Amino acid sequence: MMKKYSEEDIEKLVFNALSTPPEEGLRMDFSAKVRNKLQHQLQRKNRIRFYGGWAFIFISAMAVLFLGLLFLDKAYGTHITKSITEHKWIFILTFPLLFLIQYLDHITIKKNPFRETSTSENK
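This note's numbering puts the first residue of the sequence shown at 1, with every later residue one more than the last.
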């Protein structure tokens with residue numbers, strides 16, 4: 001014969017069953033992980049677009065500047081381009097080093113372990 005449960009026993013059984021998480025299916029933080037992953041991909045794409053744009057502007061400005069110096073050199077015989085070619089290693093090394101310093105500074109600031117963190121919790 002079947003045992004008859006009181007209403008209190010049934011309520012306890014139901015609440016115990018509802019309090020345990022399901023064993024199969026998606027995790028509770030699945031949507032948050034997907035959102036964070038998509039957000040990081042979008043941020044990465046935006047950073048590449050931003051830095052690529054600045055690199056294009058910089059290279060274009062250098063090309064226009066050098067072409068302007070070539071025309072100036074031909075028009076007035078200033079020999080600026082000759083001095084640039086004599087000291088080309090200064091230009092070749094200086095600009096990448098400046099960008100490297102800027103990048104390392106950005107990483108250092110972004111991952112600063114001494115950055116002030118909030119210790120208060122909202123309750």
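Just so you know, even glycine gets a beta-carbon here, dropped at the ideal spot from N, CA and C.
Keep in mind the model is a prediction, meaning the values are calculated, not measured.
On the three-state DSSP scale, how would you describe residue i?
i      : result
Thr20  : coil
Lys4   : coil
His106 : helix
His40  : helix
Gly53  : helix
Met62  : helix
Lys88  : helix
Thr78  : coil
Asp29  : coil
Using only the alpha-carbon positions, how far apart do residue i and residue j sit?
i      : j     : result
Thr94  : Arg47 : 24 Å
Asn122 : Ala61 : Residue placement at Asn122 is poorly supported in this model, since its pLDDT is 49, which falls under 50; the coordinates are not used for a value here.
Trp89  : Ala32 : 50 Å
Ile57  : Arg44 : 20 Å
Glu11  : Tyr5  : 10 Å
His40  : Val34 : 10 Å
Val14  : Glu8  : 10 Å
Among the residues of its own chain, which have a CB less than 7 Å from the CB of residue i, if the five just before and after it don't count?
i     : result
Leu18 : none
Answer with buried or exposed for residue i, where buried requires no fewer than 16 other C-beta atoms within 10 angstroms of its C-beta.
i      : result
Ser120 : Any reading at Ser120 must be qualified, since the residue scores a pLDDT of 48, below 50, and its modelled position is unreliable; the value itself is stated next. Flag for Ser120 reads exposed.
Say whether chain C places a C-beta atom closer than 8 Å to the C-beta of residue i.
i     : result
Phe99 : Protein chains in the displayed structure number just one, and chain C is not present.
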